[in-house]
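Asks: My structure is below; once you've seen it, I'll send some questions.
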Amino acid sequence: MKKYMVLLLLALAFPAVGGPLRDWLQQRAASHDGLAEEDVASRRSLPSGVRKLADLAYGPDVRQRLDVYLPTKAGRDRPLLVMVHGGAWRMGSKQAANVVDNKLAHWLPAGVVLVSLDYRLLPQAPVEERAEDVASAVAWVQAHAAEWGANKRQLVLMGHSAGAHLAGLLSTDAALRQRHAVQPWLATVLLDSAALDVAAIMRGPHLPLYDKAFGTDATRWPTLSPTRLLSAGTPPLLAVCSLQRVESCTQARGLADKGRQAGVVVQVLPRDLSHGDINQQLGAAGDYTRQVDRFLQQSGWEASP
Numbered sequence: 001m002k003k004y005m006v007l008l009l010l011a012l013a014f015p016a017v018g019g020p021l022r023d024w025l026q027q028r029a030a031s032h033d034g035l036a037e038e039d040v041a042s043r044r045s046l047p048s049g050v051r052k053l054a055d056l057a058y059g060p061d062v063r064q065r066l067d068v069y070l071p072t073k074a075g076r077d078r079p080l081l082v083m084v085h086g087g088a089w090r091m092g093s094k095q096a097a098n099v100v101d102n103k104l105a106h107w108l109p110a111g112v113v114l115v116s117l118d119y120r121l122l123p124q125a126p127v128e129e130r131a132e133d134v135a136s137a138v139a140w141v142q143a144h145a146a147e148w149g150a151n152k153r154q155l156v157l158m159g160h161s162a163g164a165h166l167a168g169l170l171s172t173d174a175a176l177r178q179r180h181a182v183q184p185w186l187a188t189v190l191l192d193s194a195a196l197d198v199a200a201i202m203r204g205p206h207l208p209l210y211d212k213a214f215g216t217d218a219t220r221w222p223t224l225s226p227t228r229l230l231s232a233g234t235p236p237l238l239a240v241c242s243l244q245r246v247e248s249c250t251q252a253r254g255l256a257d258k259g260r261q262a263g264v265v266v267q268v269l270p271r272d273l274s275h276g277d278i279n280q281q282l283g284a285a286g287d288y289t290r291q292v293d294r295f296l297q298q299s300g301w302e303a304s305p
């Protein structure tokens, strides 16, 4: 990571020769920002009044596990937030501080049950199987929600980076939802995915990490592209995008264009935050969190932070 930042500083210092090199380095640096943090488990103790159900199995593989955070006080019909971590499809953890801490501190006092899930990673399973994992996990959560005093119909799906791509696939792929009997949910929040139109990305200059995730078989790419799969059955989407990444907001606006054509609500929320901070700072006090809350409330989510 450091070597890319050094090259980026040189490219910025000499704009005449920066050009494509500068753009590529900005994207390269942003794509790796926050990945290490998403492999580091939170060291913060649970807030008072919160109980954790750890490593619940939604499938047979050791990576097919999820954690449930819920208020210790008995309740019913609580809203649900299901979080899918990022990590370039090859790393990351459901327990990472970036993934859990601020979201837990913000939404648990409002009575929300937070679910954070793991899924199989490269090279163990291709991206298609990762999407199947997320679908299985959401269906499992819906089946067990009442056990935690939660309302399966009050569910919001959220993902960051690669996790946002997977959440976007489940949101837009009707056949995937049907295979796993996933029931409708209220809304999806995509935190800074720059891989919403995979087919377009793979046909142009792109980072090597996309080759590892999506391969060279062009027939796969449209089936892994939320923008191309979006249809009238897609739930409302909020695409948060980093203004510090070359392609992130371009991809988000392309998704919004497709949403307008299909009659689906797709809002774009650009933020001048790094790729990692878009994940880590959600839930911290400020305008960013307020805008996400506003979208969720407009979608019918009954949490009241």
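Last residue of the sequence shown: 305 in my numbering, with the numbers rising by one and none dropped. Just so you know, even glycine gets a beta-carbon here, dropped at the ideal spot from N, CA and C.
Using a Cβ-Cβ cut-off of 6 Å (strictly less than) and excluding sequence neighbours within five positions of proline 226, which residues of its own chain qualify?
Replies: The residue you call residue 226 lines up with position 226 of the sequence shown. Closer than 6 Å at Cβ, skipping near neighbours: Gly168, Leu169, Thr172 and Leu196.
Asks: Within this structure, are the beta carbons of arginine 78 and leucine 121 separated by less than 8 Å?
Replies: On the sequence shown, position 78 is the one that residue 78 refers to. On the sequence shown, position 121 is the one that residue 121 refers to. No. Outside cutoff.
Asks: What is the C-beta distance between glycine 283 and asparagine 102, in whole angstroms, given that I count them as a contact (C-beta under 8 Å)?
Replies: Here residue 283 is taken as the residue at index 283 of the sequence shown, counted from 1. Here residue 102 is taken as the residue at index 102 of the sequence shown, counted from 1. Going by Cβ atoms, the distance from glycine 283 to asparagine 102 rounds to 3 Å, so yes, they are a contact pair.
Asks: Quick one: using the 10 Å Cβ neighbour count with 16 as the cut-off for buried, is serine 48 buried or exposed?
Replies: Taking the sequence shown and counting its residues from 1, the one referred to as residue 48 is at position 48. Exposed: under 16 other Cβ atoms inside 10 Å.
Asks: On the premise that valine 156 lies in contact with valine 115, defined as a C-beta separation below 8 Å, what is that separation, rounded to the nearest angstrom?
Replies: As a first step, residue 115 is located in the sequence shown; it is residue number 115 there, counting from the start. As a first step, residue 156 is located in the sequence shown; it is residue number 156 there, counting from the start. Not quite, the Cβ-Cβ distance comes to about 10 Å (not below 8 Å), so this is no contact.
Asks: Would leucine 190 and valine 265 be called neighbours here (beta carbons separated by less than 8 Å)?
Replies: Within the sequence shown, the letter at position 190 stands for residue 190. Within the sequence shown, the letter at position 265 stands for residue 265. Contact flag unset, no.
Asks: Taking the beta carbon of proline 71 as the centre, do at least 16 other beta carbons fall within 10 Å, making it buried, or is it exposed?
Replies: In the sequence shown, counting from the first residue as 1, residue 71 sits at position 71. Per the 10 Å Cβ criterion, buried.
Asks: Measure from the alpha carbon of histidine 144 to the alpha carbon of each residue in Gly276, Arg76, Arg130 and Arg294, then state which is nearest.
Replies: Position 144 of the sequence shown, counting from 1, holds the residue named residue 144. The shortest Cα separation from histidine 144 among Gly276, Arg76, Arg130 and Arg294 belongs to Arg76.
Asks: Quick one: what's cysteine 249 bridged to in DSSP?
Replies: By 1-based counting over the sequence shown, the position of residue 249 is 249. Answer by DSSP bridge pairing: none, since cysteine 249 is not bridged.
Asks: Compute the beta-carbon to beta-carbon distance between glycine 163 and valine 68, rounded to the nearest angstrom, for a pair I have assumed lies under 8 Å.
Replies: Locating residue 163 in the sequence shown gives position 163, counting from the first residue. Locating residue 68 in the sequence shown gives position 68, counting from the first residue. For glycine 163 against valine 68, the beta-carbon gap comes to about 17 Å, at or over 8 Å, which does not count as contact.
Asks: Can you check the segment 112-175 for any beta strand (DSSP E) of at least 3 residues that lies completely inside it and give the ranges in chain order?
Replies: Qualifying beta strand (DSSP E) stretches, in chain order: 113-117 and 150-160.
Asks: Which residue comes first and which comes last in the beta strand (DSSP E) that contains aspartate 55?
Replies: Residue numbering aside, residue 55 sits at position 55 when the sequence shown is read from its first letter. Per DSSP, aspartate 55 belongs to the beta strand (DSSP E) from 50-57.
Asks: Smallest Cα separation from leucine 186: which of Leu56, Trp301, Leu46 and Asp61?
Replies: What you label residue 186 is simply residue 186 of the sequence shown in a count that begins at 1. Closest option to leucine 186, Cα to Cα, is Trp301.
Asks: Buried or exposed: proline 236, going by 16 or more other Cβ atoms within 10 Å of its Cβ?
Replies: By 1-based counting over the sequence shown, the position of residue 236 is 236. Buried, because 16 or more other Cβ atoms sit within 10 Å of the Cβ of proline 236.
Asks: Please report the straight-line C-alpha distance between valine 134 and tryptophan 140, rounded to a whole angstrom.
Replies: Here the question's residue 134 lines up with position 134 in the sequence shown. Here the question's residue 140 lines up with position 140 in the sequence shown. Near 10 Å, if we compare the C-alpha coordinates of tryptophan 140 and valine 134.
Asks: Does DSSP put valine 264 in a helix, in a strand, or in coil?
Replies: Along the sequence shown, read from residue 1 onward, the residue named residue 264 stands at position 264. Here valine 264 sits in coil by DSSP.
Asks: If we call anything under 8 Å between Cβ atoms a contact, is glutamine 183 one with glutamine 142?
Replies: Position 183 of the sequence shown, counting from 1, holds the residue named residue 183. Position 142 of the sequence shown, counting from 1, holds the residue named residue 142. For glutamine 183 and glutamine 142, yes; Cβs fall inside 8 Å.
Asks: Buried or exposed for aspartate 55, please, with buried defined as at least 16 other CB atoms from any protein chain shown within 10 angstroms of its CB.
Replies: As a working note, residue 55 is residue 55 in the sequence shown. Exposed.
Asks: Report yes if the C-beta distance between serine 231 and alanine 199 is below 8 Å; otherwise report no.
Replies: Counting from one through the sequence shown, the residue named residue 231 turns up at place 231. Counting from one through the sequence shown, the residue named residue 199 turns up at place 199. Their beta carbons are not under 8 Å apart, which means serine 231 does not touch alanine 199 by this criterion.
Asks: Kindly indicate the opening and closing residues of the alpha helix (DSSP H) around proline 222.
Replies: As a first step, residue 222 is located in the sequence shown; it is residue number 222 there, counting from the start. From DSSP, proline 222 is part of no alpha helix (DSSP H); its letter is neither H nor E.
Asks: What first and last residue would you give for the beta strand (DSSP E) that runs through valine 189?
Replies: Indexing the sequence shown from 1 puts residue 189 at position 189. Start and end: 187-191.
Asks: Using the Cα positions of alanine 74 and tryptophan 148, report the straight-line distance between them to the nearest angstrom.
Replies: Here residue 74 corresponds to residue number 74 of the sequence shown, with the count starting at 1. Here residue 148 corresponds to residue number 148 of the sequence shown, with the count starting at 1. Distance from the CA of alanine 74 to the CA of tryptophan 148, rounded to the nearest whole angstrom, comes to 9 Å.
Asks: On a Cα-Cα basis, can you pick out the residue from His180, Gly276 and Arg228 that is closest to glutamate 129?
Replies: Position 129 of the sequence shown holds residue 129. Per the Cα distances, His180.
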